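Heads up, the final residue of the sequence shown is numbered 754 in our numbering, and it's a clean run with no missing numbers. Virtual Cβ for every residue (Gly too), placed ideally from N, Cα, C. From a predicted model like this one, the values you see are computed outputs, not experimental measurements.
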Amino acid sequence: MKRGIILLIFIVLLVSLVSVSAVQYTGCGDPSLDTTGYSSCVEIRQSDCNGLPDRCQILSSSNTYYLLMSDIDVPRRAFDISNNNIALDLNEYIITYENSVEVIVPNHNFETGDFSNWDSSGASSASVTSSFPAPRGHWHIDEIGNYVVHFNNPSAGEQIISDPINLELGRPYTISFMVHVNNYLDGRNIVATLDTPLVDGLSGCAGTVEGSNGFSAYYPEAGAGGVWGAAGGERYVQGELYYRCVFTVNEANPRVILRTIGAISGDVYVDSVEIKPAEEIGIYSSSADARVFNGNIFQGKAKGYYAKALDVRGTNSEVFDLNVSVYGPDAWGMTFGGSNQDIHDNEINHNVKRTHHAHDSWYSNAISLGFGPASVDSRVYNNIIPISSAGIVVLNSNNLSVYNNSIDVVSNSIHGYAIQSNGATYSYFYDNFINTTLGSGIFAEGGTRYNSFYNNYVEVRDGPQEERYWTAKALWMRYSAGGNSFYNNTFIGYGGRDMPRVGEDTSLSTVRLGAYSDVYGPIRFYDNYVEARMNDADANFPSCYDSLNFRLTGIALDLGSDGSPGITKYIQNNTFKSDHHVVTFGGRYWVPSLHSYLTSNILVRGDNALPEYSTISHFYASNGGSADNLLLDTTGLNGADVHDIFICNTASTALDTTIAWYLDVNVFNAGSPVDANVYVESLQQPSTNFNDNTGGDGTARFTLTEQHIGGAGNSPSITTYAPYNVTVTYFGQEQSQT
């Protein structure tokens with residue numbers, strides 16, 4: 017009931033979340049136009065675009081109110097704001113930036129079934145084939161067609177060359193292609209280059225430079241790019257790489273060269289050779305007191321990489337009442353840096369595919385804060401993000417308020433989160449409504465410290481993503497994040513939807529809390545509701561897990577960590593519910609938990625809970641056991657027995673998990689607390705007995721513990737406490753209670 021009430025409240029609030037002004041003025045002389053604070057008003061039309069090679073206009077008159085009087089359609093950038101105290105009122109018109117012809121590499125996906133438009137005479141081992149490893153990654157399925165290029169044990173120096181392509185001189189572009197190899201390291205031996213000199217050919221690139229006229233594009237680390245030809249059972253996805261690099265040309269009509277710069281063992285498959293414009297911006301401002309509002313900004317048909325509708329870096333700036341749509345790979349909606357900025361009442365459609373290393377959560381978001389200079393004392397509120405590959409990201413910024421935003425995520429990336437912090441400090445994230453179609457909720461890592469997350473409703477859905485182990489989470493905190501508080505939130509996770517194949521692994525950890533140490537203070541997690549639901553649950557799961565057996569698992573609270581889990585976690589007054597495991601110490605694949613203190617929580621088994629799963633579990637092999645984990649005053653509902661504990665240990669290191677709770681004995685005389693000696697005798701064998709005195713408050717508290725220790729391959733002995741005899745002596749009278 018609590019969850020339903022919260023959801024209803026959020027839905028009602030959304031009705032009035034965005035209040036777009038929808039005002040269109042007849043011109044600067046319109047009597048309803050308020051230009052208070054500006055010394056002049058200037059009208060702008062499409063015909064006023066003044067012939068600059070890469071933008072419509074530079075708005076350079078300070079204290080000026082610029083008013084659009086027509087739609088603006090430009091092949092590259094629309095406007096630069098280059099002076100202080102400038103207002104750009106879009107007046108309900110549409111700015112379409114980067115609206116140039118899309119670049120096409122002829123037969124770039126080899127769907128002609130042969131080398132049409134390519135010269136393959138320099139590659140004796142190359143052919144076009146319809147037989148290749150099937151793609152399984154979410155974004156590869158619609159990228160790989162019916163044919164790809166196949167190289168068989170190519171030696172260094174083999175190459176295929178495209179027909180000429182039409183590029184603008186001096187304009188930044190990206191080149192990319194997809195490759196599958198047996199060993200991802202071999203993927204570094206195939207590069208893309210052009211047959212013409214490049215300007216800044218290494219901008220944004222990594223890898224081996226091939227002469228003065230070429231480059232090898234960016235290559236991610238193992239497993240970063242997807243699952244085209246993944247090796248079954250491996251921790252990292254082997255063989256699929258997405259190459260990309262930024263360059264400009266200074267000669268017309270270049271040709272693409274795909275070339276091996278070293279020998280590659282086995283089969284090599286290449287597809288989707290693309291060139292797109294790069295780094296175009298709709299509106300850019302580095303000036304103070306800029307205001308951009310009341311209209312629409314759309315990315316055009318070129319759909320280039322790294323595009324941004326807005327990039328605002330001046331202090332005291334405001335962006336509001338905008339409808340923004342971006343489409344190109346790795347594009348941003350709006351990026352911000354500076355102090356005292358307000359971003360509110362906008363709608364951002366971030367319909368973007370992320371092709372970069374999927375672990376890099378900082379790039380390609382609907383709204384980015386701290387992009388360039390840090391964002392300080394700024395506010396993001398009342399925005400609607402109906403679709404995004406990732407929603408709002410915060411980088412190395414402080415004293416922010418992010419609230420009353422509505423966010424959906426439809427992501428192909430393992431770090432497709434609605435709200436992400438990679439360095440926010442002393443900030444507040446509250447009253448946000450997150451309901452993802454395919455993606456995750458809140459992510460906090462790195463220098464995320466001393467923040468408060470409260471009154472958020474987060475509902476996430478799992479599905480086919482880039483790596484099996486990195487699936488949807490409503491909340492994930494890791495690395496050196498510390499000193500953060502999470503309270504009065506609702507976190508719900510749905511797992512197991514649209515699994516690509518039988519036996520595919522999904523570990524839905526609705527909430528996962530782990531970080532390195534207490535240097536920055538403990539995690540405080542209280543008064544939250546957390547639920548894990550598995551809507552394609554299969555009851556046939558082995559009870560012990562290892563790195564080669566993948567299956568569906570739903571966890572409400574996962575206390576594992578990606579590194580040393582030394583941070584203290586105070587977890588109290590929460591409700592955790594799951595059809596599978598309710599609480600796990602140590603998680604599935606990561607470092608086991610330390611210093612997790614659970615007090616006065618309610619553990620609930622779902623109505624469709626599977627008997628193969630226990631309420632509390634600990635399973636992990638290589639990094640030993642958890643320690644210093646307590647469950648105090650825990651209540652189990654709907655069959656959730658707090659003694660229902662499962663430990664799977666395949667390592668030589670013994671596990672040591674302590675389950676503890678309090679036994680309070682209160683002694684009153686005529687309604688008042690009294691001094692009394694309390695003796696507690698365990699009825700189990702061997703017995704554990706306690707003595708204490710109630711002192712002035714009339715209460716004696718005893719901590720009762722269970723320790724479960726198991727060696728390699730053993731099922732540890734689970735001890736359940738029998739009832740206790742409690743004897744209280746006061747005023748010479750003895751009373752017994754069991």
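- Around residue 501, the same chain offers 468, 540 as residues with beta carbons nearer than 6 Å, after the five sequence neighbours per side are excluded.
- Along the segment 117-162, the beta strand (DSSP E) occurs as fully enclosed runs of 3 or more residues at 142-145, listed in sequence order.
- Pairing residue 623 with residue 478, the inter-Cα distance amounts to about 20 Å.
- Beta-carbon to beta-carbon, residue 583 and residue 617 are separated by about 18 Å, too far to satisfy the 8 Å threshold.
- Straight-line spacing of the CA atoms in residue 114 and residue 315 works out to 6 Å.
- DSSP places residue 70 in the coil class of the three-state scheme, outside both helix and strand.
- DSSP places residue 535 in no beta strand (DSSP E); its state is neither H nor E.
- In this model, residue 490 and residue 473 are separated by some 10 Å (Cα to Cα).
- In the three-state reduction of the DSSP assignment, residue 202 falls in the helix class.
- Looking at the DSSP output, residue 570 shares a beta bridge with 524.
- Residue pairing by DSSP places residue 83 opposite 59, 105 in a beta bridge.
- Straight-line spacing of the CA atoms in residue 281 and residue 611 works out to 48 Å.
- Residue 388 and residue 92 have their C-alpha atoms some 21 Å from each other.
- Taking a contact to require three or more Cβ pairs closer than 8 Å, the segment 36-50 and the segment 60-75 do not qualify as touching.
- Separation of residue 492 and residue 594 (C-alpha to C-alpha, rounded to the nearest whole angstrom) is 17 Å.
- For residue 550 and residue 273, the gap between their C-alpha atoms comes out near 48 Å.
- Boundaries of the beta strand (DSSP E) around residue 457: 456-460.
- For residue 713, the secondary structure class from DSSP, reduced to helix, strand or coil, is helix.
- Within the model, the alpha-carbon separation for residue 49 versus residue 41 is close to 7 Å.
- Counting only runs of 3 or more residues that sit fully inside the segment 323-405, the beta strand (DSSP E) segments are 324-328, 334-342, 348-352, 358-360, 363-366, 383-385, 395-397, 400-403, in chain order.
- No Cβ-Cβ contact shorter than 8 Å links residue 298 with residue 319.
- In this structure, residue 509 and residue 529 do not form a Cβ contact; the two beta carbons are roughly 14 Å apart against a cut-off of 8 Å.
- Taking the Cα of residue 147 as reference, the smallest distance to any Cα among 192, 88, 285 is reached at 285.
- For residue 644, the secondary structure class from DSSP, reduced to helix, strand or coil, is strand.
- For residue 283, the beta-bridge partners assigned by DSSP are 168.
- Apart from sequence neighbours up to five positions away, the residues of its chain that approach residue 411 with a beta-carbon distance below 6 Å are 378, 386, 438, 439, ordered along the chain.
- Pairing residue 111 with residue 313 gives a Cβ-Cβ distance under 8 Å.
- Counting C-beta pairs with one atom in each stretch, the segment 327-342 and the segment 352-369 have three or more that are closer than 8 Å, which means they touch.
- The three-state reading of DSSP puts residue 478 in coil, since its state is none of H, G, I, E or B.
- Short of 6 Å from the beta carbon of residue 591, and not among the five residues preceding or following it, lie these beta carbons of its own chain, in chain order: 545, 618.
- In the structure shown, residue 64 falls within a helical segment according to DSSP collapsed to helix, strand and coil.
- Between the C-alpha atoms of residue 362 and residue 166 there is a straight-line separation of about 47 Å.
- In this structure, residue 441 lies away from residue 462, with their beta-carbon atoms at least 8 Å apart.
- Residue range 189-196 is occupied by the beta strand (DSSP E) that includes residue 195.
- Residue 650 sits in coil when the DSSP states are folded into three classes, being neither helix nor strand.
- Nearest to residue 173 by C-alpha distance, out of 207, 445, 421, 143, is 207.
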